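Here is the structure we will look at.
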Amino acid sequence: MDPEPRVLSPVPAATLRREAGGHDDGPFPHHLGLTVSRVEWRTDITARSRGTSRGPVCAVPAEVRLRLLHAEHTIRLAKEVPAGGCLAREVLAHERRHAELNRRTLRDAAAELRIALRAWANSVEMFAPDVATAAQLMQEDLSRALEPALARLRAAREEGHAAIDTAEEYRRLGRVCPTDQRRLRAALRVQ
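Reminder that position 22 of the sequence shown reads as 22 in our numbering, one-by-one numbering, no gaps.
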């Protein structure tokens with residue numbers, strides 16, 4: 001499930017900076033926009049087993065379901081950015097590039113996770129004292145099997161966001177829309 005990101009009401013630039021974990025001592029101390037993405041995943045395993053009801057069992061997955069989704073995907077601009085103006089459009093376009101990267105990497109990860117899930121389901125057998133324990137062991141084993149794909153998702157996002165958030169891009173955002181820039185600087189000085 002991957003709906004379009006929601007654009008939330010503006011908040012102060014200082015709030016965006018705190019939410020992003022930023023500092024105000026760098027060359028670009030103000031956050032004019034912020035895209036937040038939180039991905040969740042869940043698996044459901046139904047196990048089929050052979051063995052006695054009281055003794056050890058050999059369990060295999062009968063059905064496995066994976067759900068990967070954007071639990072949160074939002075864009076927010078700083079309230080100091082003049083609403084509806086040239087700069088707001090530029091900052092929103094910048095944040096939408098982050099959102100599109102989030103959506104693309106989620107789609108790529110979903111495809112990779114489906115492949116990993118099928119390979120895992122076709123090869124796993126769990127020996128355990130009972131079916132419930134076997135199902136729990138399968139869940140833990142599946143988490144380990146999927147982690148490399150999830151790690152690649154995190155790495156692709158980190159690399160992609162770094163490619164968007166360059167010093168050159170921040171300088172560009174600091175030069176465009178001169179009238180809005182003057183209004184922005186005045187609003188930031190008032191704080």
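We put the CB at the ideal spot given by N, CA and C, even for glycine.
All values reported here derive from a predicted model rather than from experimental measurement.
Trp41 is bridged by DSSP to Leu68. Judged by their CB atoms, Leu101 and Gly33 are not nearer to each other than the 8 angstroms cut-off. For the pair Ala121 and Val11, the Cα-to-Cα distance works out to about 46 angstroms.
When Arg38, Arg104, Arg67, Ala13 are compared, the shortest CA-CA separation from Thr74 is found for Arg38. Look at Pro12 here: in three-state DSSP terms it is coil, with no helix or strand label. Taking all protein chains in view, the Cβ of Val176 is surrounded by fewer than 16 other Cβ atoms within 10 Å, so the residue is classified as exposed. When only Cα atoms are considered, Glu19 and Pro129 end up about 47 angstroms apart. Leu146 is not a Cβ neighbour of Leu106, given a cutoff of 8 angstroms. For His31, the secondary structure class from DSSP, reduced to helix, strand or coil, is coil. Bounds of the beta strand (DSSP E) holding Ala128 are 126-128. Assignment of Val131 by DSSP, reduced to helix, strand and coil, places it in the helix class. Annotated three-state conformation of Glu168 is helix, per DSSP. In the structure shown, the three-state DSSP call for Glu159 is helix.
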